[in-house]
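J.:
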Amino acid sequence: MQIPSSYQPGYEKALLTDPDLAKTYIQHTLIGDPDADALINGLAGIDEKQQGEFIRAGMDLDEEKLRDAPQAVRAFFEKVGTPPAWFDPESVYPGCRGFQAYSDLFLTSFVVDIIVQGFTTLISQSFFTTGRLTDQGVRRLKQNILHLLEIMLPGGLERYGEGWKLSVRLRLVHAQVRRHLLASEEWDYDAHGMPISTAHIALASCNFSGMLLRSATRIGARLNDEERDSFMQIWRYTAHLMGVPEALLFSNETEACETYRVGYICEPPPGLEAIAMANSVIASAPYVIGIKDEKERDNLSGFGYRLSRALIGDELADQLMFPKSRTSGPGTLVYLRLRRRIQDILDVLLWWRPGHRTQSFMALLDVSTLEEHKISYRLPDKLHADEAKPW
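Count along the sequence shown starting at 1, add 534, and that's the number in this note's numbering.
1. Please identify the residue among LEU737, ILE574, PHE653, ASP832 whose C-alpha is closest to the C-alpha of VAL815.
2. What does the Cβ neighbour count give for ALA619, buried or exposed, with the cut at 16 atoms within 10 Å?
3. Between which two residues does the alpha helix (DSSP H) holding ILE816 run?
4. Measuring CB atoms only, is the region 606–615 touching the region 741–759, in the sense that at least three cross pairs come out at less than 8 Å?
5. Between the C-alpha atoms of ILE589 and ILE580, what's the straight-line distance to the nearest angstrom?
6. State whether the region 556–572 contacts the region 720–738, with contact taken as three or more CB pairs (one from each stretch) at a distance under 8 Å.
7. Where do the ends of the alpha helix (DSSP H) carrying ARG770 lie?
8. When you compare each of ILE537, PRO538, LEU549, GLN542 to ARG795 by their alpha carbons, which one comes out closest?
9. Nearest to THR751 by alpha carbon, out of TYR636, GLY797, ILE574, VAL614?
10. Cβ of CYS740 within 8 Å of Cβ of TYR541?
11. Which residues in the same chain as VAL778 place their Cβ atom closer than 8 Å to its Cβ, once the five residues preceding and following it in sequence are excluded?
12. Buried or exposed for TYR936, please, with buried defined as at least 16 other CB atoms from any protein chain shown within 10 angstroms of its CB.
13. Apply the 10 Å Cβ neighbour rule to MET593 and answer buried if 16 or more other Cβ atoms are within range, or exposed otherwise.
14. Answer with buried or exposed for GLY824, where buried requires no fewer than 16 other C-beta atoms within 10 angstroms of its C-beta.
15. Assuming ARG756 is part of the alpha helix (DSSP H), what are its boundary residues?
16. With distance defined between alpha-carbon atoms, name the residue in MET766, TYR911, ARG843, ASP915 nearest to ASP647.
17. Can you name, in chain order, every residue of its own chain whose Cβ lies under 6 Å from the Cβ of VAL645, other than the five neighbours on each side?
18. Which term fits LYS916, buried or exposed, when burial requires 16 or more other beta carbons within 10 angstroms of its beta carbon?
19. Skipping 5 residues on each side, what residues in its chain have a beta carbon closer than 8 Å to that of GLY586?
20. DSSP on THR655, reduced to helix/strand/coil?
21. Can you give me the C-alpha to C-alpha distance between CYS555 and THR793, rounded to a whole angstrom?
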């Protein structure tokens with residue numbers, strides 16, 4: 535079996551814990567997304583505006599416009615538009631309810647823990663090369679937040695839902711970036727395998743689902759079993775839409791966290807790219823929220839670093855060159871859990887207060903609103919963000 539050289543040391547360690555899963559993960563570091571890659575190749579050579587129109591036609595089920603699209607485009611949307619037998623649209627509601635009740639905690643964990651840890655894998659190599667986060671960090675972070683919020687809305691994963699469309703859009707953007715990277719001289723395939731590989735999309739989906747659920751719980755989110763299971767089903771279907779194959783597609787929280795554990799062991803230690811990307815996430819957060827005062831931004835970044843260190847641990851935080859802190863230990867998490875528990879009690883006592891459960895969620899929706907009034911289906915036309923047209 536071919537093993538990219540960067541993964542060899544980690545793979546040997548992972549074999550000692552779960553050899554079958556480790557082998558499956560490494561095999562998929564060499565695989566892209568055959569269906570999405572075929573669509574992107576089918577659009578090659580077509581005017582950029584027309585590409586976007588064909589993709590929009592597929593998203594909106596515009597049969598008239600789709601008739602003029604390449605066969606690969608029609609085949610892709612026909613396949614992705616058919617939900618798997620295991621997905622029950624009614625099953626998402628408890629998860630949506632649980633997420634919205636603690637949306638502020640989920641988004642906090644998402645930014646300072648989950649995305650940071652995600653960039654400590656080799657996927658950081660792809661994003662660092664393109665400059666998609668370091669150069670345009672605020673907008674990209676807003677898009678990540680918007681995607682999470684949309685899939686967690688009731689109806690968001692219905693065929694015409696914005697969560698469905700954003701998931702498929704991300705999949706196509708990944709395929710386009712993968713095509714650019716493979717065509718460039720900047721990607722070392724023998725060392726790193728396939729850029730934005732199926733393995734990395736699967737690892738990210740496990741991180742954004744099971745690991746996010748556990749991280750939010752550590753700072754005070756309290757979902758019941760039905761809500762947790764439903765949350766995982768939302769992400770299971772989202773992962774399917776984003777191209778994760780059955781071999782790496784989790785069915786529950788335990789499977790997702792185990793896949794993440796083994797996959798993460800396979801990954802090499804964080805490099806310079808991971809350090810740059812992780813710090814960029816923390817630095818972008820105050821701008822995403824819209825804080826204009828420089829001192830306030832510095833204070834919020836400082837808190838973000840302290841909370842991130844408490845969640846990811848000192849060892850990884852030191853590897854990422856995060857600032858040292860005396861107030862980032864377990865006491866930080868205890869304080870946050872206690873504060874949220876008090877808030878929950880107040881919410882029960884003040885049940886009559888209008889909108890008391892929706893205020894934080896609506897505030898986050900405002901934070902993630904992009905300049906565009908509708909989703910753009912333009913694809914990045916260049917590898918590097920500073921050379922590409924807006925998309």
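We put the beta carbon where it would ideally sit given N, CA and C, even for glycine.
Bear in mind that the values here come from a model prediction, so they are computed numbers and not experimental data.
T.: The answer reads as follows:
1. Counted from its first residue, the sequence shown places residue 815 at position 281. Answer by Cα proximity: PHE653.
2. Start at 1 with the first residue of the sequence shown, and residue 619 comes out as number 85. Looking at its Cβ environment, which holds fewer than 16 other Cβ atoms inside 10 Å, ALA619 is exposed.
3. By 1-based counting over the sequence shown, the position of residue 816 is 282. Residues 806–823.
4. no
5. Your numbering for residue 589 matches position 55 in the sequence shown. Your numbering for residue 580 matches position 46 in the sequence shown. The alpha-carbon atoms of ILE589 and ILE580 are separated by roughly 12 Å.
6. yes
7. By one-based count along the sequence shown, residue 770 stands at place 236. 759–775 is the extent of the alpha helix (DSSP H) around ARG770.
8. Start at 1 with the first residue of the sequence shown, and residue 795 comes out as number 261. Ranking ILE537, PRO538, LEU549, GLN542 by Cα distance to ARG795 puts LEU549 first.
9. Here the question's residue 751 lines up with position 217 in the sequence shown. Answer by Cα proximity: TYR636.
10. Within the sequence shown, the letter at position 206 stands for residue 740. Within the sequence shown, the letter at position 7 stands for residue 541. Not a contact, by the Cβ cut-off of 8 Å.
11. Here residue 778 refers to the residue found at position 244 when the sequence shown is read from its first residue. The residues are THR732, ILE735, ALA736, SER739.
12. Nothing can be reported for residue 936, as the shown portion of the chain is limited to 535 through 925.
13. Within the sequence shown, the letter at position 59 stands for residue 593. It is buried - the Cβ of MET593 has at least 16 other Cβ atoms within 10 Å.
14. As a first step, residue 824 must be located in the sequence shown, where it is residue number 290. With fewer than 16 Cβ atoms within 10 Å of its Cβ, GLY824 is classed as exposed.
15. Taking the sequence shown and counting its residues from 1, one reaches residue 756 at position 222. No alpha helix (DSSP H) holds ARG756; DSSP gives it neither H nor E.
16. Looking up residue 647 in the sequence shown gives position 113. When each option's Cα is compared against that of ASP647, the closest is ARG843.
17. Sequence index remark: in the sequence shown, residue 645 carries index 111 (1-based). Excluding positions up to five away in sequence, the list reads ALA819.
18. Residue numbering aside, residue 916 sits at position 382 when the sequence shown is read from its first letter. Label assigned to LYS916: exposed.
19. By 1-based counting over the sequence shown, the position of residue 586 is 52. SER910, TYR911, ARG912, LEU913.
20. Position 121 of the sequence shown, counting from 1, holds the residue named residue 655. In this structure, THR655 counts as coil in the three-state DSSP scheme.
21. Indexing the sequence shown from 1 puts residue 555 at position 21. Indexing the sequence shown from 1 puts residue 793 at position 259. Reading off the sequence shown, one finds Leu at residue 555, where the question assumed Cys. Each residue's Cα considered, the two are about 7 Å apart.
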